Amino acid sequence: MPPLTNSPNHAGSDTGIEADFTTEQVAEVKCGRCSAVFPSGTKLKWIHSKPEASFKQPGRLVCDDCYQYYLSKGSTRRRTVSALPGPSTSSMLQTSLPSHTEVRHQVAAAQRTDGAYPMVPIGSQLQHRSFHSAAAALQQAQRHGPSPSQYYASGGQMSGSGCAAWGQVNVAPIPNPFMQRPFPPMRNQTLINPGYQEAHQFYNEMRQYYARQAYVPSNTEVVVVRARMATLLEGKKMPIQISDILEAISNIPVHIGLSDLRWVVYHTLLPHYVKWSKGFPLNPEECTIRDKLWVELVPKEPDVDAIAAKFFIVGKGKNKNNLRPTFSPRNGIDLFFCIDHTKYQAILNHLSDLEEVYYRESQPSGHSRGISSRSSSNKQRTKGKRKQRDEDDTNTNPKKFALPQHMPEPNVFAISKPSSEEVIRALQSQLPIKNRNMRSLFETVIIPVMFFKPPTSPSFTDLVKSPNLLRELQNYPPIEVNVSYRPSSKPQEGAFKVAYLGHVSIPLFGAAAVDVCIKQTFVRSPEDAKKSKIILQGQTQAKNLTMELNCLGWAHALMDLVYAFIRRKEAILGKPDFAIPQMRFVQAGLAIPKDENPANVFLLEEAIDSGSPSWFTKYLNNSSAKPVKFKDSNKLLRAQFLSFSQHVQFVETEGLAFISDFQGGPTLLTDPQIITNL
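Heads up: the sequence shown begins at 1 in the numbering used here, then just goes up one per residue.
Dropping the structure here:
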C-alpha cells in the first residue's frame, strides 16, 4: 500500500477509476506503469486495482500520460460511491498506522529482544493486543472456508462482514489448505470401542480417501508415515513394540497438524489393536505420538507442521548454497503411537482373564475344579508379573481369532512343591562356570537387519484375491532389529534347511518374546565326498526363504478354515465332549542385512518352546494321510485332529488344496507343505 499522504481525496473527480495492471513496479519517484522518473514534488494520480486483484496490489500512482492510457482502456470502469473509502475510516487509518521510521525502530528493538513488540515465528498466533480478535476469527475463517464473495478489498481499506479488528477494519481470510482438516468427513466422532470389522472398514475408507487426495493438484507435498504402537515399561529405558501393530500410511499432507495426525494414526492402527486386545477400549486422547528417538511431539499454535521439519532440507548436497527449503519426502518418517504402561498392563490383565475363562471352559470336567482353585488362589500373586508372560499374542481367543501361542497341558494347573532332594541337587550344582560356557558367550554375533513381515496374517479369501500378497515383501514397512546367535553352535538340520536358536533386540511376534528360530537354506556340494553343506547367498537365499514364508502364510489361512468350520458346526450341533486342540503355524518374516553381506539373509520364525526333550513331534508325514499312533493320549488326539483338518481343508477348498507334513510342538507347528492337484 502506498503512503496515505499520496493517496487522492475520494471526493475528487478522478479517484474512482479502476484498471487491470499488467506489470508490477512500485517506486516512490517513478510512474507505476512506465517507470518514468519525475522531479520531486510532481503530483502523480492514483488509480485503484479492481477488487478481484486488490489482494496483490491496491493501486498505483501514475503520470498524466499513463493516466490517460488507463482511461482509454475498455476494461477500465468507474467505482461506485459505496465502494469508495469513507472519511471516518481514512482518518482512522491515518491516525492508527505507525510511520515507516517507527516500524523500523520497532523491528530493530524486537531483534535485540528488548522491544515492546517481540518477534514471533510465521504461522504462530499474533501477539499484538489490537490483533487478538482478528487472529482468532481469521483462523476460524480459514478452517471453515467462508465464501470469497463476503469480502471486498480496494485501495487502502478492507471491508466486508467478517470479524472486526483495528477499529472497524475487517480482515479478509487467506485461503490455507493446510488449516483444513486433512481427513474425510466420514465420521462425526472418533471410534472408541468398535468391532474389528467396523474398524477395518473405516480404515479402508480412509486409505482410499488419501489415495484420491494424492492426485489433487494442490496436494503435491505428501509423505509416508510408518506408525507402530509401543509402550515404555515401568523401570525400563527402551520402549517395546506392542505385538505386530504397525502400518505404513501413505499420502499424508506434510503440513498436517498433530491432532489430525493422531486421529489418522489411531484409526489406521485400530483394526490391528482391536484384534490384539480383544476389544479393550482405547481413547486416542490417552495416547501420545513420539519420534524414533522417543521424543514426544507437541502441538504448535496453530496446529500445523507436526512433521514438516523432517522433510524440508536447506543447503544440502548439490544445493548447499541454496537457502530456500527443498521438499524431500524420500525416506518417510517413523513414529511411535504410545500408550501408557498402566494402560498396557490393564490390557494384559484383560487378556489373561480371557485366557483363564477359555482354559476353564475347554478342559474336561475332571480338571475344572483344579483350574478354579488356581485362579482364585493365585490371582493376587500373579497380577504384578503378567507382563513377563509370553502368552500375549495376537491369537489368544480361539472363538474369534483362534489359537493362543502356548496351550498348557491339563496337568499344568496342579500345584506342586519341589522336594528336599531336588532342592539339594539344585544347590549342589552351583559350581564355577566352565570355560566352554564362557567361550560360547564370546562367540555370539550380532547382526543388524531389516525385518519384513506382513502386519497381519491374511485370511484364505485375502490370499485368493491377492495371490502375491506374501510374495511381495517389499510392499511392507521394514523393522530395524538386531539378530544375535552363535554360528559355532550345532544347528538343527533338515533336508535343505539349517536352524539356529537366536534372539532379537525387540519383540517381533509378541509383547515379550525375543527368542527366534533362525533358518537358512543350503545345497550339498556335488564335488565333496562328504556332501558338505553350502549356505546359499544373497538373492537366491532370499528367494527360497520367501517361498517358505509364503507357504507358512497359506498354511495359517488353511488352518483358519478348519476352526471356522468347527465354529459353524458348534453353533448347530453344540460343543463336543472333548477339548479341541488349539494349534497354529508359527509367525515368520524375512531378515535382510543392513551391511549388504549376502550371507546374512535369514528366515526368522517364532521359537517353539523346547523345554521338554520330546518337544518336537511329527504328527503326519507328507507321504501318508494316516496319523502317527502315539501311546501318549494328548499327542494321539492332536495327530487325529490334524488328520481331520486335512479332510476339512480338502472339502472347504473343493479338493484343490490341503496341508501335509504336520510337525512341531503342542500348539505351534512349522515347516508345512501345501498339496494341490494342479
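By construction, the Cβ of each residue, glycine as well, lies at the ideal position given by its N, Cα and C atoms.
Remember, predicted model here, so these are calculated numbers, not experimental data.
Quick one, which of the options has its alpha-carbon nearest residue i's?
i	options	result
Asp-305	Ser-277, Val-265, Thr-268, His-255	His-255
Ala-591	Gln-541, Glu-570, Lys-629, Lys-618	Gln-541
Cys-34	Asp-65, Ser-49, Gly-41, Val-423	Asp-65
Lys-237	Leu-293, Ile-659, Leu-297	Leu-293
Trp-46	Asn-622, Pro-39, Gly-59	Gly-59
Ile-479	Val-103, Glu-102, Glu-247, Ala-108	Glu-247
Lys-683	Val-523, Val-483, Ala-499, Asp-303	Outside the displayed range of the chain (1 to 678) lies residue 683, so it cannot be described from this structure.
Leu-545	Ser-525, Ala-588, Ile-534	Ala-588
Ile-659	Ser-643, Pro-467, Pro-576	Ser-643
Val-523	Asp-515, Val-514, Ala-109, Gln-537	Gln-537
Asp-484	Arg-584, Asn-634, Leu-261, Leu-501	The sequence as given places Ser at residue 484; Asp does not occur at that position. Checked all of Arg-584, Asn-634, Leu-261, Leu-501; the closest Cα to Ser-484 is Leu-501.
Leu-604	Pro-418, Pro-467, Pro-284, Val-516	Val-516
Cys-566	Thr-268, Phe-602, Ile-580, Phe-496	Note on identity: in this sequence residue 566 is Ile, with Cys being the wrong assignment. It is Ile-580.
Asp-595	Leu-668, Thr-76, Ser-624, Pro-448	Pro-448
Trp-263	Trp-276, Glu-286, Lys-275	Glu-286
Leu-463	Gln-640, Leu-552, Ser-420	Leu-552
Phe-585	Leu-549, Val-274, Pro-487	Leu-549
Phe-496	Ala-513, Thr-521, Val-514	Thr-521
Ile-446	Pro-487, Leu-431, Lys-465, Ser-633	Pro-487
Gln-474	Lys-519, Ser-420, Lys-543	Lys-543
Ser-250	Lys-569, Leu-620, Thr-268, Lys-50	Thr-268
Ser-459	Gln-492, Ala-557, Ser-429	Ala-557
Glu-221	Gly-32, Ile-252, Ser-623	Ile-252
Ala-657	Val-103, Gln-640, Leu-678	Leu-678
Ile-535	Leu-470, Glu-493, Val-514	Glu-493
Pro-593	Asn-482, Tyr-70, Leu-427	Asn-482
Ile-289	Pro-302, Gly-257, Thr-444	Gly-257
Phe-312	Ser-259, Pro-329, Pro-299, Val-298	Pro-329
Return helix, strand or coil for residue i, following the three-state DSSP convention.
i	result
Lys-255	In the sequence under discussion, the amino acid at residue 255 is His, which differs from the Lys named in the question. In the structure shown, His-255 sits in coil (DSSP, three-state: anything other than H, G, I, E or B).
Arg-187	In this predicted model, Arg-187 has a pLDDT of only 44, less than 50, meaning its place in the structure is not dependable; the value taken from the coordinates is given anyway. The answer is coil: DSSP assigns Arg-187 none of H, G, I, E or B.
Ala-625	coil
Thr-326	strand
Glu-548	helix
Tyr-70	helix
Gln-474	helix
Gly-332	coil
Thr-667	coil
Glu-652	helix
Gln-492	strand
Gly-538	helix
Phe-644	helix
Phe-460	helix
Gln-582	coil
Ser-420	helix
Ala-309	helix
Leu-558	helix
Asp-353	helix
Leu-348	helix
Val-225	strand
Glu-301	coil
Arg-439	helix
Thr-676	strand
Using a 10 Å radius around the Cβ and a threshold of 16 neighbouring Cβ atoms, would you call residue i buried or exposed?
i	result
Lys-73	exposed
Phe-578	exposed
Asp-560	buried
Asn-600	buried
Ala-607	buried
Leu-441	exposed
Ala-108	exposed
His-48	buried
Val-223	buried
Met-583	buried
Ala-555	buried
Ile-347	buried
Phe-641	buried
Glu-296	exposed
Arg-78	exposed
Inset, instruction - Count the C-beta pairs between the segment 327–342 and the segment 219–229 that are closer than 8 Å, then say yes if the count reaches three, no if not. - result: yes
Legend entry - Cβ pair count under 8 Å reaching 3, the segment 506–513 against the segment 241–252: yes
Legend entry - Inter-stretch contact at 8 Å, needing at least 3 Cβ pairs: the segment 640–660 / the segment 562–576: yes
Inset, instruction - Counting only runs of 4+ residues fully inside the segment 232–297, write out the alpha helix (DSSP H) ranges in chain order. - result: 258–277
Legend entry - Touching by the beta-carbon criterion (3+ pairs, under 8 Å), the segment 274–291 and the segment 341–355: yes
Inset, instruction - Determine, using beta-carbon pairs with one atom in the segment 445–461 and one in the segment 472–487, whether at least three such pairs fall under 8 Å. - result: yes
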